[in-house]
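Note sheet for the following structure.
Residue numbers (the UniProt record's numbering), protein chains in the order written: chain A, 1 to 433; chain B, 1 to 433.
Structural data, given as structure tokens:
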């Protein structure tokens, strides 16, 4: 049996116009891969019914088995997805009175809280959201809008359409509900849930990864029997392997081959990100961390405080953008700055040591460099970065890296480099012994 | 004459799979609006030629006048856009020898720098990129890949295809070149370059903006004659007005109506962002700024150092995540922390004053709050934020806000709130007089 094929259709004039970035398409793409469906395209259309219809019609003409839509399920006139999909599937709409009651129970208290004062308008909105295509499966609202699974009308052909709401916090739980429903599984016969493993690599040029894949093939690993996606992300490489159940051994051999070939550069095989690894290592040691940042201007600290619970390990930090602040707030010796310049290994090290002391933490990480576009020189071009990590127990590491790209990329990748250096020290490496 | 219609087709398996976010679709959507074209859809497909073909074919069937593609112009076998578009347009490919020479002049020095050692492979890649559809207009490479404008073959109908490279830093300049080319303008007859104005509003609920638009209509402003897009972004509202030349007066009346109705809340009418306004105000005064951050953990400092030239105004900051760091690195009185708690107006103010002193700046902005998901209480639920700004000359402002959303949204919108409070002080407001 061939692999079922799917398309994603994202609706919304703001998304189409580039005013709002689409989080649903990428997320749904990942989910489709995981359930073993071949994802063919993602199309964004505005709120015009004819454009949504055209996208659905194209999917039918292309022999697509499953279309997943996001958005257009709200209470206003613009929200037309359910009606267009019903029409497309050849199914009339009818009022689901029980659903109308359940939606009312959700929106009435909300309306009161918002001070909504037009009960007739509210009732009309309520009724609109409870109109469903005859024969569709209703997915209970996560917010206020129900989702739908709409198969083609009996005797007709075409894709089954899974209709999901636009807000990611509603779409994501509803997707998880939908994939267990019979009407969904009936649309993708023969799909096999895929295994997935993510290998994360740091410090390897992308071109060398291509060589590794060639070598793996030459060594007899049937790479074409699994799905391998490689992608550069924030200065790291991600290798995502997915496999049908029968091909698990191929994926395992390939992961072992990559790990053998690139050793320590493969820093994660269990899905954890560098942020998670650093957090876990700090927690294992019971250590707190401090930051001392020049070129990254607070972004390393921002990253260390991204996740819930970061107060367990993050003490604080200093953003020392001006040289005067490096002296005043981190105690960096003026003579060191004069002799080596602010962008140098000794200053990075002095910043880390200063943060240990001034913030009061067990380990500190420092960044100093030239993010550009100005400020570069022949000796220290844009992208020249010095990183240092120092621990209260005396361990320390200093590194000089050259990071390509524009100001945004250089700052972002420097935060990644800082986390990797921190990880090395937390695993016991030290320059100073 | 009706408005020409356009579709965007983004190619790339990593983009389709959700591994890499697409920056080109949103950017091109904005540009299509600006040149007066009706943008109907954006479709993402992988690197399979049949899927790209299907997307082009759908555009032809839908009567689209212009398709803009991004990606698939590289030197490798996967990069098939030019060949598929040529085939679609009914135009054979031929080698452009002069172009081959110009590309060689670009890639040869690059290959040397990368230590590329296979001259035959390099020559083959070079030749591939110089194959162009007969009758197409070549757009000179910005990186190594040329772009193309490919009209349908004589005697056939279908869209003109503008073929652009995937990297945004190549695509964007090439777009600007392309729109001035005759072959491009010939594809969109009757398109009129639109006027555009962005109004930025802070502190207005989105629902009230809907009321304002209703009132503007009731006051006789023909809103349907222009294009108005409203969008919530990082805690602000953006109102983007676009108009055909004949409708400029409508747009002007509407902008005046919004400004009259919402007064000071409309903080920008000339396109400048809050980040730019704060930067400009600091520069006008010749002031430097410092940050003192708890819940935002460095993100305000990160935002103040985003742009080139930020060292002119940014001194530095302290991330005081732990209470001990608020005392130690900012000099916040322990008694104040004990009496009011870290999330309070007095502590926010003390943090700002501490940063002024410890960092040495003319003005300082402080954030403290509960970003969640844990840590909330009945009195101070998740989203409770206190902000303070203090200047060396004694001026100061303190604000308590409640920010909805998840941890990411709360932290992000708090940075916006901090910049707005900073702007108010820089414009002369003060609580303390």
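Note that CB positions come from ideal geometry on N, CA and C, so glycine has one too.
Alpha carbon to alpha carbon, how far is residue 363/B from residue 349/B?
Position 363 of the second chain, counted from the first residue, corresponds to residue 363/B. Position 349 of the second chain, counted from the first residue, corresponds to residue 349/B. Taking the straight line from one Cα to the other gives about 12 Å.
Taking C-alpha atoms, which residue in 367/B, 416/B and 371/B lies nearest to residue 405/B?
Taking the second chain and counting its residues from 1, one reaches residue 405/B at position 405. Among 367/B, 416/B and 371/B, the Cα nearest to that of residue 405/B belongs to 371/B.
Report the residues of the stretch 311-328 of chain A with a CB closer than 7 Å to any CB of chain B, ordered along the chain.
Taking 7 Å as the upper bound on Cβ-Cβ separation, chain B lies near residues 311, 314, 315, 316, 317, 318, 319, 320, 321, 322, 324, 325 and 328 of the stretch 311-328 of chain A.
Using a Cβ cut-off of 8 Å, which residues of the stretch 25-38 of chain A contact any Cβ in chain B, in chain order?
25, 26, 27, 28, 29, 30 and 33
Can you list, in chain order, the residues of its chain with a C-beta nearer than 8 Å to that of residue 427/A? Leave out the 5 residues immediately preceding and following it.
On the first chain, residue 427/A is found 427 positions in, with the first residue counted as 1. The answer, listed in chain order, is 281.
Cβ closer than 9 Å: which chain A residues qualify as neighbours of residue 44/B?
Start at 1 with the first residue of the second chain, and residue 44/B comes out as number 44. 8, 25, 29, 41, 42, 43 and 44, listed in chain order.
So, helix, strand or coil for residue 107/A, using DSSP?
Walking along the first chain from the start, residue 107/A turns up at place 107. Three-state DSSP puts residue 107/A in a helix.
Check for me: the alpha helix (DSSP H) holding residue 276/B runs from which residue to which?
Locating residue 276/B in the second chain gives position 276, where the first residue counts as 1. It spans 274-285 - the alpha helix (DSSP H) in which residue 276/B sits, taken as one unbroken run.
Please report the straight-line C-alpha distance between residue 361/B and residue 421/A, rounded to a whole angstrom.
As a working note, residue 361/B is residue 361 in the second chain. As a working note, residue 421/A is residue 421 in the first chain. Spanning the two alpha carbons is a distance of roughly 31 Å.
Contact check, residue 317/B vs residue 302/A under 8 Å by CB: the rounded distance?
Taking the second chain and counting its residues from 1, the one referred to as residue 317/B is at position 317. Taking the first chain and counting its residues from 1, the one referred to as residue 302/A is at position 302. Not confirmed; about 11 Å, so no contact.
Report yes or no: do the stretch 123-136 of chain A and the stretch 99-107 of chain A share at least 3 C-beta pairs separated by less than 8 Å?
By the criterion of at least three beta-carbon pairs nearer than 8 Å, the stretch 123-136 of chain A is in contact with the stretch 99-107 of chain A.
So, helix, strand or coil for residue 226/B, using DSSP?
Locating residue 226/B in the second chain gives position 226, counting from the first residue. Residue 226/B falls in the coil class under three-state DSSP.
Suppose the cutoff is 7 Å on Cβ atoms and the five residues either side in sequence are ignored; what does the same chain contact list for residue 248/A look like?
Sequence index remark: in the first chain, residue 248/A carries index 248 (1-based). Contacts found: 195.
Taking 7 Å as the threshold (beta carbon to beta carbon), is residue 301/A in contact with chain B?
Residue 301/A sits at position 301 when you count from the first residue of the first chain. True, the Cβ-Cβ gap to chain B drops below 7 Å.
Between residue 267/A and residue 216/A, which are expected to be in contact by the criterion C-beta below 8 Å, what is the C-beta distance as a whole number of angstroms?
Indexing the first chain from 1 puts residue 267/A at position 267. Indexing the first chain from 1 puts residue 216/A at position 216. 20 Å between Cβ atoms; not a contact.
Between the stretch 141-160 of chain B and the stretch 51-64 of chain B, can you find at least three pairs of beta-carbon atoms closer than 8 Å?
Yes, since at least three Cβ pairs between the stretch 51-64 of chain B and the stretch 141-160 of chain B fall closer than 8 Å, the two stretches touch.
How should residue 31/B be labelled, buried or exposed, when 16 other C-beta atoms within 10 angstroms of its C-beta is the threshold for buried?
Residue numbering aside, residue 31/B sits at position 31 when the second chain is read from its first letter. Classification of residue 31/B: buried, given that the 10 Å Cβ count is 16 or more.
Can you say whether residue 140/B is buried or exposed, counting buried as having 16 or more other CB atoms within 10 angstroms of its CB?
As a first step, residue 140/B must be located in the second chain, where it is residue number 140. Exposed, since its Cβ has fewer than 16 Cβ neighbours within 10 Å.
For residue 383/B and chain A, any beta-carbon pair shorter than 7 Å?
Your numbering for residue 383/B matches position 383 in the second chain. No - not a single Cβ of chain A is within 7 Å of the one on residue 383/B.
Taking C-beta pairs closer than 8 Å, name the residues in chain B that residue 21/A reaches, listed in chain order.
Within the first chain, the letter at position 21 stands for residue 21/A. Under the 8 Å cutoff, chain B gives 21 and 26.
With a threshold of 6 Å on Cβ separation, who are the neighbours of residue 419/B within its own chain once the five nearest residues in sequence on each side are excluded?
Your numbering for residue 419/B matches position 419 in the second chain. Answer for residue 419/B: 274 and 278, listed in chain order.
Report buried or exposed for residue 199/A, applying the criterion of at least 16 other Cβ atoms within 10 angstroms of its Cβ.
Position 199 of the first chain, counting from 1, holds the residue named residue 199/A. Buried, since its Cβ has 16 or more Cβ neighbours within 10 Å.
Between the beta-carbon of residue 395/A and the beta-carbon of residue 425/A, is there less than 7 Å?
Here residue 395/A refers to the residue found at position 395 when the first chain is read from its first residue. Here residue 425/A refers to the residue found at position 425 when the first chain is read from its first residue. Against a cut-off of 7 Å, the Cβ pair of residue 425/A and residue 395/A comes out as a contact.
Taking only the alpha-carbon atoms, compute the straight-line gap between residue 444/A and residue 207/A and give it to the nearest angstrom.
The requested residue 444/A does not occur in the structure, where chain A is confined to residues 1 to 433.
Under the three-state reduction of DSSP, which class applies to residue 145/B: helix, strand or coil?
Walking along the second chain from the start, residue 145/B turns up at place 145. Note: residue 145/B maps to coil in three-state DSSP.
Please report the distance separating the alpha-carbon of residue 345/A from that of residue 369/A.
The residue given as residue 345/A occupies position 345 in the first chain. The residue given as residue 369/A occupies position 369 in the first chain. Taking the straight line from one Cα to the other gives about 10 Å.
Please determine, among 219/A, 243/A, 283/A and 300/A, the residue with the shortest C-alpha to C-alpha distance to residue 260/A.
Working through the first chain from its first residue, we reach residue 260/A at position 260. Taking only the C-alpha atoms, the option nearest residue 260/A is 219/A.
What does residue 62/A reach in chain B if we use C-beta pairs closer than 7 Å?
For this step, residue 62/A is matched to residue 62 along the first chain. Those are 54, listed as they occur along chain B.
Does any residue of chain B bring its CB to less than 7 Å from the CB of residue 51/A?
Position 51 of the first chain, counting from 1, holds the residue named residue 51/A. Yes - at least one Cβ of chain B is within 7 Å of the one on residue 51/A.
Can the beta-carbon of residue 352/A be found less than 7 Å from the beta-carbon of residue 292/A?
The residue given as residue 352/A occupies position 352 in the first chain. The residue given as residue 292/A occupies position 292 in the first chain. Contact: yes.
Which runs of the beta strand (DSSP E) at least 3 residues long sit entirely within the stretch 21-79 of chain B? Give them in chain order.
38-45 and 66-70
Does any CB atom of chain A fall closer than 7 Å to the CB of residue 178/B?
Residue 178/B sits at position 178 when you count from the first residue of the second chain. Between residue 178/B and chain A, the shortest Cβ-Cβ separation is not below 7 Å.
In terms of residue numbering, what span does the alpha helix (DSSP H) encompassing residue 236/B cover?
Position 236 of the second chain holds residue 236/B. Not the alpha helix (DSSP H): residue 236/B falls in the beta strand (DSSP E), residues 236-243.
Are the stretch 284-300 of chain A and the stretch 294-311 of chain B in contact at 8 Å, needing three or more beta carbon pairs?
yes
Hey, out of 84/A, 180/A, 407/A and 399/A, whose CA is closest to residue 376/A's CA?
Start at 1 with the first residue of the first chain, and residue 376/A comes out as number 376. Residue 407/A is the option with its Cα nearest to residue 376/A.
What do you get for residue 236/B, buried or exposed, if any count of 16 or more other CB atoms within 10 angstroms of its CB means buried?
Position 236 of the second chain holds residue 236/B. Around the CB of residue 236/B, 16 or more other CB atoms lie within 10 Å, so the residue is classed as buried.
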